[in-house]
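Numbering (the working numbering), first residue to last: 10 to 104.
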């Protein structure tokens with residue numbers, strides 16, 4: 010998937026975020042839907058049908074975001090992030 014950077018004014022950005030929240034989606038999904046409709050030659054590309062994600066697209070997006078978050082944080086499997094064995098069994102520290 011390719012990334013596109015788009016600059017918009019503050020008010021447009023605020024309204025787009027509100028609308029995306031109302032549709033339980035993201036601004037990126039709204040733009041993606043618009044561009045898909047535009048690329049298909051859909052005259053109603055700006056209509057609600059063009060901007061709404063399907064449930065499958067939404068799940069795929071959310072899964073991708075979760076995987077990106079996990080891999081971006083090293084997957085939580087860094088050796089340095091683990092608690093040393095001695096600290097796990099230090100009973101005096103628990104009192």
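Each residue gets a CB set at the ideal place from its N, CA and C atoms; glycine is no exception.
Helix or strand or just coil, what does DSSP make of residue 78? Walking along the chain shown from the start, residue 78 turns up at place 69. Helix at residue 78.
Using a threshold of 8 angstroms, state whether the C-beta atoms of residue 36 and residue 23 are closer than that. Taking the chain shown and counting its residues from 1, one reaches residue 36 at position 27. Taking the chain shown and counting its residues from 1, one reaches residue 23 at position 14. No, Cβ-Cβ distance for residue 36 and residue 23 is not below 8 angstroms.
Could you compute how far the alpha carbon of residue 43 sits from the alpha carbon of residue 10? What you label residue 43 is simply residue 34 of the chain shown in a count that begins at 1. What you label residue 10 is simply residue 1 of the chain shown in a count that begins at 1. The alpha-carbon atoms of residue 43 and residue 10 are separated by roughly 16 angstroms.
Out of 32, 40, 77, 81, point me to the one whose CA is closest to residue 146's CA. As shown, the chain starts at 10 and ends at 104. That puts residue 146 outside it, with no answer to give.
What does the alpha-carbon distance come out to for the pair residue 70 and residue 29? Taking the chain shown and counting its residues from 1, one reaches residue 70 at position 61. Taking the chain shown and counting its residues from 1, one reaches residue 29 at position 20. If I take the Cα positions, the gap works out to 14 angstroms.
8 angstroms Cβ shell around residue 66 - same chain, five flanking residues per side excluded: Residue numbering aside, residue 66 sits at position 57 when the chain shown is read from its first letter. By the criterion of a C-beta distance shorter than 8 angstroms, residue 66 is surrounded in its chain by 38, once the five residues flanking it on both sides are discounted.
Output the distance between the C-alpha atoms of residue 94 and residue 74, rounded to the nearest integer angstrom. The residue labelled residue 94 in the question sits at position 85 within the chain shown. The residue labelled residue 74 in the question sits at position 65 within the chain shown. Going from the Cα of residue 94 to the Cα of residue 74 covers about 33 angstroms.
Neighbour-count burial assignment, residue 21, 16 or more Cβ in a 10 Å radius: The residue given as residue 21 occupies position 12 in the chain shown. With fewer than 16 other beta carbons inside 10 angstroms of its own, residue 21 counts as exposed.
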